[in-house]
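Residue numbers (my numbering): -16 to 35. Note that CB positions come from ideal geometry on N, CA and C, so glycine has one too. All figures in this text were calculated on a predicted structure; none of them were measured in a lab.
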């Protein structure tokens, strides 16, 4: 019985860690997307200034 409770607690802790890990990854990917958009805007500005 004690072993069973220990295994269940371990699974719950692992699930919580996994969820927080995924949130962190999503946050980092979101930042990367913003940075890529900024780079694209910057390149567009450079291209426009070269054309004129």
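Out of curiosity, what's the CA-to-CA distance linking residue 2 and residue 34? Looking up residue 2 in the chain shown gives position 19. Looking up residue 34 in the chain shown gives position 51. Put simply, the backbone Cα of residue 2 is about 48 Å away from that of residue 34.
Just to check, is the beta-carbon of residue -4 closer than 8 Å to a non-hydrogen atom of the ligand FMN? The ligand FMN is not among the ligands present in this structure, which contains no ligands whatsoever.
For residue 28, collect the residues of the same chain with a Cβ closer than 7 Å to its Cβ; drop the 5 residues on either side in sequence, then sort them by chain order. Taking the first residue of the chain shown as 1, we reach residue 28 at position 45. There are no such residues.
What did DSSP end up calling residue 35 once you bin it into helix, strand or coil? Position 52 of the chain shown, counted from the first residue, corresponds to residue 35. In the three-state DSSP reduction, residue 35 falls in the coil class, being neither helix nor strand.
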